[in-house]
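In my numbering, the protein residues as written are 1434 to 2476. All C-beta atoms in this analysis are idealised placements derived from N, C-alpha and C, irrespective of residue type, glycine included. Inspection log for the structure reproduced underneath, given as structure tokens.
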């Protein structure tokens, strides 16, 4: 490497061309690299879904879900199986083990399910697919004063046309109801005409059909024979003849049935600002062309607006491009501000030319990394952008150490090329080892659970490329540029003369501080080694204790406010849609109360803070979206609005789940637990759930504690009586006729426009809404007789579960809760596990309580991170031991790393932030900086000892020599991150925990480098001398005895 440095110093043209190539490559590469808000990733899960129309949840579980689970349960590659059984529908989700081939497992699952031949006849075909992850490009609301049929037709047009745009993969329509043609007949009508459902269904099927009858091959050509009698609308079906009499009379379907050609009876609803509408989710293509997709979609929407019917509006509610632009601009502006501050700091202590080349080297390094990003499959996204910011301190560190070393050599009188070569070569070893060790420390980021691998992978590759190009720039390009730096001459310009005086003042005072303040302090530390060790390790213990006891909270992801508040409410399956609708109306009313609240408006400086309100209902679930004004236009945070809205809404005890969210992470609860029991009795399950909820609710700051153990819903159970058997009826005959009346019989599906329309035959809506219909229902026997249902079957009302959830092939109950700000969910859960788990296991058969959601992900990440970081730590120790030919000095190099955690903890405590996954990433960057500083210091001590200085003198002189680069590194890293550290915008909140760990960690670790490391080096040397002396005395004594 020394020869390569010398070659570039001797060939400045080569250094300039290399720098130019990196700059041009970065500028051109920025246009080629993909842009997205978060890195795209392939899914590692597979879903199996199957409809069993009209079946109860328990029937779906036994007939569908359990059979699927048993068929696939022994397949290799499965990490977890979860399932859900609801009325008429069952789904199974399979999470694949990290690293296992998802396609291979998908094919194995398809094969196993295709081999199942015991599914119910009336169940539909299972759908097996890999769950795809496609990033949302935008949400577009279509709403207005128009019929829902008109809105649906327009939505279909938009869906089909936008899906063809470049950068768009598909468009999903939310709030859509399927078309359905419902033929409704009353029980009285059937009895009046002596008809059965089977007869009516058979008449429709025999009349509504198209039958190809072949081809007549004439000498003039082929003639197709075709029967075309398919009914397509309500009028066509009304003309179908159900029965004909001998005298020519005909009974038409329209005479006996009410034919409704409209929407299916689906409980869905979407409104925008109180007007009916539909919501369109536009998704990015597999190649995330964010810019192209957004521009094309904007242009299409703008053009379509001119053709919309009067009163119909099209509005973009959310746009990913805006999120990307705001976050990119934030990081760009803060990076520029940071670089300017770094440049100013460097100008105060270093020559202007040196400061300019150091800052230029940072830009060159970043350009080089951007140049190669497309080749490693990394996009410009929020994580990769923040990685550039994270690695800034390490890049500055390398440039400062080498630049300052060359400057020192020039101050000693060395000239031109030789000073550049000798200055760079003197710190080559520590700089090279520091870069390599930092890369090793970041290696754990590519060995993490698959759900976060796409995020950490982006960070790793940016850090890796920046470090490699930093090494190239600082060792090959920077020395070549500084080799032409001539001795400083007085300037003729007064401004430059003034700047020079300021620089000399700061530089002189720093050198003076090193001699008059730092050196005496270092001597005192060396003379009081035990006290020094006690102070530092006591400080470390305090930091660990602060995290352990919960003074500093922990979370998986940082709590980042969003420009909206989302209220999610769900009720047990089977709850009347009117209750869901009424609750959503109530919530919307409370939003309007809050919107017009004079106190809230006053707190917001007199300005409005609510921009829009959307409402989306789907079955028993309701979502009310409260869009807030832009953050720069309001004083109130989204958390303030959420807290006030929660107080207005109240507890909603009848809801199965209720969450009110205003931060990144959506509706994920703070606490999520899985409860398993072997006992499936409802009373036992409820008692166990109540015990857990009682303990959770007892903790201060724990709110909204709920479980998904549905309230019992009433089911009708039929049991065939002996009289029914004597009439030749089977339970299947009875159940089928009841099903025909209430659920209905699907006669056929007819193609219409963009979908297949079901044709259903059933009772009228009024009859299907009351149990009295069962009392009047007549069962038709095989010989044509009609008997009351109650005569042939016993009708019992029994309790039943509305939704059954299973985890790893066992029934599961989920318990969730939220915690207020300042409350650590980890401490609460750990306390409950320690105090009550053993008792519950004795009290309930098969009781087990496990983590889920964010707590589980946090635990997995923590365990994985700790194991991999330990491996990296040991690997770096081994490399350093080989490089230094010592087992002691590598430990000194790594000594400051744990104390980076102390600085990071203090920073989180002072600024009121939780320690999150982002904090750990900042800690990794901090480790890279402090290792660099320690290496440089130890290398200097070794050089001075090799020149003949005593250990104590070498330690003191090295500390003074390296005081300025170490302090400059700490100051520039801290000052460079200040703009984003105190950034108030929402986009910055995601990054601030990382910045806290890096900035505060480097500052505290620098104190360790300047005091604890020299003290430990000297203490280790003294200990070595004592051991050698002790061993010598023993050896001498043995010699005397032997004599």
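(message) With distance defined between alpha-carbon atoms, name the residue in 1571, 1554 and 2194 nearest to residue 1667.
(response) By alpha-carbon distance to residue 1667, the top candidate from 1571, 1554 and 2194 is 2194.
(message) Based on DSSP bridge pairs, tell me the residues matched to residue 1576.
(response) 1710 and 1746, per the DSSP bridge assignment.
(message) Is it the case that the region 2156-2176 contacts the region 2264-2278, given that we only count it when at least three CB pairs across the two stretches are under 8 angstroms?
(response) Flag = no, the region 2264-2278 and the region 2156-2176 do not touch.
(request) Kindly give me the distance between the Cβ atoms of residue 2093 and residue 2119, rounded to whole angstroms, as I take these residues to be in contact under 8 angstroms. (result) The Cβ separation is near 26 angstroms, so there is no contact.
(message) Looking at the strands, I want to know which residues DSSP matches up with residue 2135.
(response) Under DSSP, residue 2135 forms a beta bridge with 2252.
(request) Would you check if the distance between the CB atom of residue 1803 and the CB atom of residue 2074 is smaller than 8 angstroms? (result) One thing to note: residue 1803 has its Cβ no nearer than 8 angstroms to the Cβ of residue 2074.
(message) When you compare the CB positions of residue 1556 and residue 2180, do they come within less than 8 angstroms of one another, or not?
(response) No, the Cβ-Cβ distance between residue 1556 and residue 2180 is not below 8 angstroms.
(message) Looking at residue 1565: is its Cβ nearer than 8 angstroms to the Cβ of residue 1541?
(response) Taking 8 angstroms as the cut-off, the beta carbon of residue 1565 is found no closer than this to the beta carbon of residue 1541.
(request) Consult DSSP for residue 2068 and reduce its assignment to one of helix, strand or coil. (result) Coil, per DSSP.
(request) Helix, strand or coil for residue 1482, going by three-state DSSP, please let me know. (result) Strand, per DSSP.
(request) Please report how far the alpha carbon of residue 2371 lies from the alpha carbon of residue 1892, in whole angstroms. (result) Residue 2371 and residue 1892 have their C-alpha atoms roughly 30 angstroms apart.
(request) Could you tell me whether the Cβ atoms of residue 1976 and residue 2338 are closer together than 8 angstroms? (result) Contact flag set, yes.
(message) Mapping the DSSP letters down to three states, classify residue 1628 as helix, strand or coil.
(response) Looking at residue 1628 - three-state DSSP - the assignment turns out to be coil, as it is neither helix nor strand.
(message) If contacts are defined as beta-carbon pairs under 8 angstroms, then residue 2219 and residue 2211 qualify, I think. What distance do you get, rounded to the angstrom?
(response) Between residue 2219 and residue 2211, the beta carbon gap of about 4 angstroms places them in contact (Cβ cut-off 8 angstroms).
(request) Select from 1660, 1609, 1770 and 1813 the residue whose C-alpha is nearest the C-alpha of residue 1723. (result) With distances taken between Cα atoms, residue 1723 lies closest to 1813.
(message) Going by beta-carbon coordinates alone, are residue 2153 and residue 2224 separated by less than 8 angstroms?
(response) No, these two residues do not count as a Cβ contact at 8 angstroms.
(request) Give every residue of the same chain whose Cβ lies closer than 7 angstroms to the Cβ of residue 2344, excluding the five residues on either side of it in the sequence, and list them in chain order. (result) If we look at residue 2344 and ignore the five residues flanking it on each side, its Cβ neighbours are 2429.
(message) Considering only their Cβ atoms, is the gap separating residue 1480 from residue 1520 smaller than 8 angstroms?
(response) It is not a contact, given that the beta carbons lie outside the stated cut-off.
(message) Using a Cβ distance threshold of 8 angstroms, determine whether the region 2347-2359 contacts the region 2370-2386, with at least three qualifying pairs required.
(response) No: the two stretches stay apart, fewer than three of their Cβ pairs being nearer than 8 angstroms.
(request) Report yes if the C-beta distance between residue 2446 and residue 2368 is below 8 angstroms; otherwise report no. (result) For residue 2446 and residue 2368, no; Cβs fall outside 8 angstroms.
(request) Could you tell me whether the region 2440-2454 touches the region 1957-1968, where touching means 3 or more Cβ pairs closer than 8 angstroms? (result) In this structure the region 2440-2454 lies against the region 1957-1968, because at least three pairs of beta carbons, one per stretch, are closer than 8 angstroms.
(message) Can you give me the C-alpha to C-alpha distance between residue 1632 and residue 2151, rounded to a whole angstrom?
(response) Distance between the alpha carbons of residue 1632 and residue 2151: 24 angstroms.
(request) Specify, as a first and last residue, the run of the alpha helix (DSSP H) that residue 1594 falls within. (result) Here the alpha helix (DSSP H) through residue 1594 covers 1581-1595.
(request) Just grab the DSSP bridge partners of residue 2230 for me. (result) Answer is 2149.
(message) Rounded to whole angstroms, what is the Cα-Cα separation between residue 2189 and residue 1609?
(response) So the alpha carbons of these two residues sit roughly 14 angstroms apart.
(request) For residue 1819, I'd like the list of residues in its chain whose CB is within less than 6 angstroms of its CB, leaving aside the five on either flank, ordered along the chain. (result) 2424.
(message) Run through the DSSP bridge pairs and tell me what residue 2001 is partnered with.
(response) Residue pairing from DSSP places residue 2001 in a beta bridge opposite 2056 and 2092.
(request) Reducing DSSP to helix, strand and coil, say where residue 1718 ends up. (result) Look at residue 1718 here: in three-state DSSP terms it is coil, with no helix or strand label.
(message) I'd like to confirm the pairing. Which residues does DSSP put opposite residue 1654 in its beta bridges?
(response) According to DSSP, which records beta bridges pairwise, residue 1654 is partnered with 1651.
(request) Tell me whether the beta-carbon of residue 1775 lies closer than 8 angstroms to the beta-carbon of residue 2408. (result) Going by beta carbons, residue 1775 and residue 2408 fall inside the 8 angstroms limit.
(request) Tell me where the beta strand (DSSP E) around residue 2193 begins and ends. (result) In the DSSP assignment, residue 2193 falls within the beta strand (DSSP E) that extends over 2188-2195.
(message) Can you tell me which residues form a DSSP beta bridge with residue 1614?
(response) 1694 and 2192.
(message) Whole angstroms are fine: how far does the CA of residue 2393 sit from the CA of residue 1951?
(response) Near 8 angstroms, if we compare the C-alpha coordinates of residue 2393 and residue 1951.
(request) Please name the residue, chosen from 2258, 2257 and 2284, that lies closest to residue 2270 on a Cα-to-Cα basis. (result) Of the residues 2258, 2257 and 2284, the one whose Cα lies closest to the Cα of residue 2270 is 2284.
(request) Leaving aside the five residues before and after residue 1428 along the sequence, list all residues of the same chain whose C-beta is less than 8 angstroms from its C-beta, in chain order. (result) This structure cannot settle anything about residue 1428, because the visible part of the chain is limited to 1434 through 2476.
(request) Verify whether the separation of the beta carbon atoms of residue 1595 and residue 1715 is less than 8 angstroms. (result) Yes, they are a contact pair.
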